[in-house]
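*Asks:* Start counting the sequence shown at 1471; every next residue gets the next number (my numbering).
We treat Cβ as the ideally placed atom computed from N, Cα and C, and that holds for glycine.
Given the structure is predicted, the values throughout are model-derived calculations rather than measurements.
This is the structure I have questions about; it appears just below.
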Amino acid sequence: MAQAQIPLTQPQSQGTPPHSPHPTAWKWYDYFTFNVDHKVIGIQYLVLAFIFYLIGGLMAMAMRAELYTPDPDVLDPNLYNAFLTNHGTIMIFLWIVPAAIGGFGNFLVPLMVGARDMAFPKLNAAAFWVNPPAGLLILGSFYFGGAQAGWTSYPPLSIITAPIAQSMWIGAIVLVGTSSILGSVNFVVTILKMKIPSMKWDQVPLFCWAIMATSVLALLSTPVLAAGLVLLLFDINFGTSFFKPDAGGNVIIYQHLFWFYSHPAVYLMILPIFGIMSEVIPVHARKPIFGYKAIAYSSLAICFVGLFVWVHHMFTSGTPPWMRLFFTVSTLIVAVPTGVKIFGWVATLWGGKIRFTSAMLFAIGLLAMFVLGGLSGVTLGTAAFDAHVHDSYYVVAHFHYVLFGGSVFGLYAGMYHWFPKITGRMYNETLGKIHFVMTFIGTNLTFLPMHELGLQGMPRRIAMYDPQFESLNKICTYGSILLGLSVIPFFINMIWSWMSGPKASDNPWNALTLEWTTSSPPAIENWEVLPVLTHGPYDYGTKKSLAIRERLGMAAQAAIKTGVPVSDATSSTFFSSSTSASQTDVTGPTESQEGSGNNGN
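Structure representation (structure tokens):
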């Protein structure tokens, strides 16, 4: 737990005074400007990413409508290829990565480490504003036929089809990569140099550990992708032959350059989600996180080992036996630190006083989805098995269980968990639970049958298939419709709650990390005084947290006696001004549950 130290005889906060007087909140139009506040930028990322999520989702539903029957009777084949390419591109580069790293990372990291902003605010704003042009390039490419070579853009297909659209696609990815590099530098410096002095490394929230590992991984791998795409751009437009087989080029080199980034990109999409899981689960299970150091160091282990597994995407590309053996082993090894996290989360849930909020439901759903996706991933990481299912729907099923069942479920969990802090409003739990049920059923209905389709031999990336696969494809299409409809209660919930929802207290979940020590939504410079850390971020139910409960109650009583507002006495603490000592519910599973049903609203 973190809080400012409060003398009980004279309730007031101690710490660093603010730099200068400032307004408490931004106006709505500030979110459409080159604003340098990390919270504004985080919301900009989240809103933009969600818009592209809807666009990418519509493309997916159009493809599933095409696949409802074996014949190409809905989409033109070239348009199907363009939708296929840009659906994957948008979901990866303009939805999951910007939302997880740019959205939650920007909003939360400075708050969690006790900083007033990111280390380089203007660089942070610049990193966001290269994303809208990237999205416009991708959408604008449809005027020229759309990029049609898949999200991997393998040559020679990417060289000979729709050259203008393909060049626009490359430009978009380079812009997004630039944003990723700029943001990663900012995160690394912010976490290393701007955390408050009282915060030791074993008190840094696990979300920050995850963002740190993600940023290092992005800095090491993104330039390699940019180099490969620039060479491909030269081949398309300037007559070079880096990847043209008929002119002495080598397409395998492109695959190495692409996958050296694009497999770590999977970890760029999932590591921040792991960080979200490590924040959501202990708060709503009311237990300390199990294995803090193991979970923190496992993020660094994934960052390191994740750089040495990319060739498992190329087992059928003519790789020599020794290489297939090495990368089979490394792929199995990278599952170990991931298993450490799964074990830690399950152990945290065990014996906890679980509150089945919408955030917790999505976190538990992620556990189920990601474990299933991980099991199919272990099989694909084995060269002997991969040779039989490579480029089949088995790969599609694995990929979507990991990235939709993993990353998107985690994004939903994070949105519900931090919605009160971001907006100052509470969302509707009933709509949130309806959203979860529809999403969970829709995900399994859409992607579970794809395992069987792949094992039966249906290739991916095609619009016309053998009629024997029609029944399972129809089930997948029904699931995709339900999955698309599931966004409706989420959208209604977010918009209505943001505009008219009940006001949230500063800490409705009674959480212990620093972002809950400020107002909801936070003031422009986050705190009037910087907090002083006196407790760990996950110390639910410990003796010290119980002592803090009593201390906060005494502070409130002292404030009443001296005529000082209770909100001033408890400002910069982990409790909201409306939460009394008996309402904190920071006890362990065997301790008293007095007041555990009151969340301070």
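(1) What is the DSSP secondary structure of Asn1505, reduced to helix, strand or coil?
(2) Could you tell me the distance, in whole angstroms, from the CA atom of Gly1761 to the CA atom of Gly1814?
(3) Taking C-alpha atoms, which residue in Met1561, Leu1925, Asn1594 and Ala1829 lies nearest to Gly1605?
(4) Along the chain, where does the alpha helix (DSSP H) that runs through Ser2074 open and close?
(5) Are the beta-carbon atoms of Ser1862 and Gly1902 separated by less than 8 Å?
(6) Report the rounded CA-to-CA distance for Thr2060 versus Phe1906, giving the unit in angstroms.
(7) Return the bridge partner residues of Pro1675 from the DSSP annotation.
(8) Give the single residue among Asn1980, Leu1727, Phe1657 and Thr1798 whose Cα lies nearest to the Cα of Ala1857.
(9) Express the C-alpha separation of Tyr1624 and Trp1639 in angstroms, rounding to a whole number.
(10) Would you call the CB atoms of Ile1666 and Ala1642 closer than 8 Å?
(11) With DSSP collapsed to three states, give me the class of Arg1931.
(12) For Asp1546, count the other beta carbons within 10 Å of its own beta carbon; 16 or more makes it buried, fewer makes it exposed. Which is it?
(13) Would you identify the three-state DSSP class for Lys1811, choosing helix, strand or coil?
(14) Suppose you measure from the CA of Ala1411 to the CA of Ala1755; what does that come to, to the nearest Å?
(15) Using only alpha-carbon positions, find the residue among Asn1551, Trp1498 and His1783 that is nearest to Ala1933.
(16) Comparing alpha-carbon positions, which option in Phe1910, Gly1954, Trp1966 and Phe1832 lies nearest Met1896?
(17) For the candidate residues Trp1679, Met1664 and Pro2007, whose alpha-carbon lies nearest to that of Ile1743?
(18) Going by DSSP, what residues sit across from Asn1996 in a beta bridge?
(19) For Lys1973, list the residues DSSP reports as bridge partners.
(20) Check the C-beta distance from Ser1628 over to Ala1619 and give it rounded, since I have them as a contact under 8 Å.
(21) Compute the Euclidean distance between the alpha carbons of Met1682 and Phe1657, then round it to the nearest angstrom.
(22) Let me make sure I understand the geometry here. Which of Asn1594, Gly1558 and Phe1574 has the alpha-carbon closest to that of Gly1527?
(23) Please confirm whether Ile1640 has its beta-carbon closer than 8 Å to some beta-carbon of chain C.
(24) Rounded to whole angstroms, what's the CA-CA distance from Ala1632 to Asn1548? Just pull it up for me.
(25) Can you grab the Cα-Cα spacing for the pair Ala1569 / Gln1926, in whole Å?
(26) Pull up the distance between the alpha-carbon of Pro1890 and that of Gly1718, whole angstroms please.
(27) Just grab the DSSP bridge partners of Ser1862 for me.
(28) Would you grab the beta carbon distance between Met1582 and Thr1988 for me? Rounded to a whole angstrom, and I think it's under 8 Å.
(29) Given this structure, state the Cα-to-Cα distance separating Leu1802 from Gly1851, to the nearest angstrom.
(30) Candidates His1726, Lys1670 and Lys1973: which alpha carbon is nearest Leu2003's?
(31) Suppose the cutoff is 7 Å on Cβ atoms and the five residues either side in sequence are ignored; what does the same chain contact list for Pro1715 look like?
(32) Does the separation of the CB atoms of Pro1591 and Val1506 fall below 8 Å?
(33) How is the alpha helix (DSSP H) around Lys1663 delimited, first residue to last?
(34) Quick check: what's the CA-CA separation for Phe1929 versus Leu1795?
(35) From this set, Pro1752, Thr1913 and Phe1713, which residue's C-alpha is nearest Thr1947's C-alpha?
*Replies:* According to the data block:
(1) Coil at Asn1505, not helix or strand.
(2) Between the alpha carbons of Gly1761 and Gly1814 lies a distance of about 6 Å.
(3) The residue from Met1561, Leu1925, Asn1594 and Ala1829 with its alpha-carbon nearest to that of Gly1605 is Met1561.
(4) The question about residue 2074 has no answer, for the chain in this structure spans 1471 to 2071.
(5) Cβ distance not < 8 Å, so Ser1862 and Gly1902 don't count as in contact.
(6) Here Thr2060 scores only 37 on pLDDT, less than 50, and its place in the model is too uncertain to base an answer on.
(7) Beta-bridge pairing links Pro1675 to no other residue.
(8) Selected option, being the one with the closest Cα: Thr1798.
(9) Roughly 13 Å between the two C-alpha positions.
(10) No. Outside cutoff.
(11) Arg1931: coil per DSSP, three-state reduction.
(12) Within a 10 Å sphere around the beta-carbon of Asp1546 sit fewer than 16 other beta-carbons, which makes this residue exposed.
(13) In this structure, Lys1811 counts as helix in the three-state DSSP scheme.
(14) Beyond the ends of the chain as shown, which are 1471 and 2071, falls residue 1411; an answer cannot be given.
(15) The closest CA to that of Ala1933, considering only Asn1551, Trp1498 and His1783, is found on Asn1551.
(16) With distances taken between Cα atoms, Met1896 lies closest to Trp1966.
(17) The shortest C-alpha separation from Ile1743 is found at Trp1679.
(18) Answer is Ala1993.
(19) Beta-bridge pairing by DSSP links Lys1973 to Arg1895.
(20) Sure, about 4 Å apart at Cβ, within 8 Å.
(21) Looking at the two C-alpha atoms, the distance is approximately 7 Å.
(22) The option with the nearest alpha carbon to Gly1527 is Gly1558.
(23) Reference to chain C is not applicable here, since this structure consists of a single protein chain.
(24) Cα to Cα, the separation comes out at about 10 Å.
(25) Going from the Cα of Ala1569 to the Cα of Gln1926 covers about 36 Å.
(26) For Pro1890 and Gly1718, the gap between their C-alpha atoms comes out near 58 Å.
(27) The beta-bridge partner set that DSSP reports for Ser1862 consists of Pro1929.
(28) With a Cβ gap of about 11 Å, Met1582 and Thr1988 do not count as contacting.
(29) Rounded to whole angstroms, Leu1802 to Gly1851 spans 7 Å at the Cα level.
(30) If you compare the alpha carbons of His1726, Lys1670 and Lys1973 with that of Leu2003, the shortest gap goes to Lys1670.
(31) If we look at Pro1715 and ignore the five residues flanking it on each side, its Cβ neighbours are Pro1626 and Val1721.
(32) Yes, these two residues count as a Cβ contact at 8 Å.
(33) In the DSSP annotation of this structure, the continuous segment of the alpha helix (DSSP H) that includes Lys1663 starts and ends at Pro1633 to Lys1663.
(34) At residue 1929 the sequence reads Pro, which differs from the Phe that was named. Cα atoms of Pro1929 and Leu1795: separation of roughly 25 Å, rounded to the nearest angstrom.
(35) By alpha-carbon distance to Thr1947, the top candidate from Pro1752, Thr1913 and Phe1713 is Thr1913.
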